[in-house]
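Trainee: Residue numbers (our numbering): 41 to 259.
Here a beta-carbon is modelled for each residue, glycine too, at the ideal position from N, C-alpha and C.
#1: With DSSP as the reference, identify every bridge partner of residue 55, one or two as the case may be.
#2: Can you give the beta carbon distance from residue 129 to residue 166, rounded, assuming they're within the 8 Å contact cut?
#3: My understanding is that residue 93 touches residue 60, with C-beta atoms under 8 Å, so please give their C-beta distance in whole angstroms.
#4: With distances taken between CB atoms, is the gap from residue 102 to residue 131 smaller than 8 Å?
#5: Check each candidate in 54, 80, 88 and name the one with the smallest Cα separation from residue 118.
#6: Just to confirm the assignment, what range does the alpha helix (DSSP H) spanning residue 145 have?
#7: Is the distance from the Cβ of residue 71 to the Cβ of residue 139 below 8 Å?
#8: If the criterion is Cβ atoms closer than 8 Å, does the pair residue 57 and residue 235 meet it?
#9: I'd like to know whether the C-beta atoms of residue 115 and residue 121 end up nearer to each other than 8 Å.
#10: Kindly indicate which residue of 49, 44, 42 has the alpha-carbon position closest to the one of residue 179.
#11: Which residue from 107, 96, 169, 47 puts its Cα closest to that of residue 64?
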C-alpha cells in the first residue's frame, strides 16, 4: 500500500472535499480506504467531514490544536509538543487499508510539526505521490506552477485537481482550466463548487464522475 498525499496550493482550496471524493471513488470500486489527517488546527474536524461525505469510517487526525494557525505554530501556541514526522510514518506503516489518503494542512511547504517538516518532506520520506488541489480563479496559475515546481525538484509525482469549479464559470475560470490542464499534463479531476454541501448519497453517487481513472474515477 502506497499512500496518496493530498496537499494544496493554499488554504481553503477544497482539500477536504477532494479527499472525500477520492475516498468515495476508491470505495466505489471495492477498495478499503483509510484517511489520515496528521494535524488538525482551528477547531474544524476534517476527518469527520470526510466520513460524512464519503461514508469512509476509518478517518481520523493524529493531533488537534484549537488555534487557526499552521500546525507547528498552533502546537507552540497551545503549549503542546509539535508532531514528529516519525509518528505519521508509523501510522502509515500500521495501516492495512488498500488506499490511504493523507490530507495535509494549507500548502505544500507549510510547517507541520517538529523541526519544521512539511508535506513535501513527508512525500519524499514515503516515496508517495501528491494530489495537488488548486483554485479555479485568479492567482491559481502562479500558485499551482510553484507547487508543481517544488514537487518536481524533489522527484515527487503529482496529480492536479480543481477543488471548487464554479457551476457558472466566468472567462477567467475557463481559461485557467485550459492552462491548468496544459501545465499539469492533464487534470486528474474537477470538483464542482458546493460539493461539500451534498448529502452522502448525492456525494458518493457523483464523486467518481469528478475524477479520472488516476484517482479511481470515471471522468
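Mentor: Answer, in terms of the structure:
#1: Within the chain shown, numbered from 1, the residue matching residue 55 stands at position 15. In the DSSP output, where bridge partners are listed per residue, residue 55 has none listed.
#2: Looking up residue 129 in the chain shown gives position 89. Looking up residue 166 in the chain shown gives position 126. With a Cβ gap of about 7 Å, residue 129 and residue 166 count as contacting.
#3: Numbered from 1 along the chain shown, position 53 holds the residue referred to as residue 93. Numbered from 1 along the chain shown, position 20 holds the residue referred to as residue 60. Going by Cβ atoms, the distance from residue 93 to residue 60 rounds to 4 Å, so yes, they are a contact pair.
#4: Along the chain shown, one-based indexing puts residue 102 at 62. Along the chain shown, one-based indexing puts residue 131 at 91. Going by C-beta atoms, residue 102 is nearer than 8 Å to residue 131.
#5: Sequence index remark: in the chain shown, residue 118 carries index 78 (1-based). Closest option to residue 118, Cα to Cα, is 80.
#6: One-based indexing of the chain shown puts residue 145 at position 105. Per DSSP, residue 145 belongs to no alpha helix (DSSP H) and is neither H nor E.
#7: Taking the chain shown and counting its residues from 1, the one referred to as residue 71 is at position 31. Taking the chain shown and counting its residues from 1, the one referred to as residue 139 is at position 99. Yes; because the gap between Cβ atoms is below 8 Å, this pair is in contact.
#8: Here the question's residue 57 lines up with position 17 in the chain shown. Here the question's residue 235 lines up with position 195 in the chain shown. Closer than 8 Å, so yes.
#9: Along the chain shown, read from residue 1 onward, the residue named residue 115 stands at position 75. Along the chain shown, read from residue 1 onward, the residue named residue 121 stands at position 81. Yes, they are a contact pair.
#10: The sequence position of residue 179 within the chain shown is 139, counting from 1. Nearest C-alpha to residue 179: 49.
#11: Locating residue 64 in the chain shown gives position 24, counting from the first residue. Out of 107, 96, 169, 47, 96 has the C-alpha closest to the C-alpha of residue 64.
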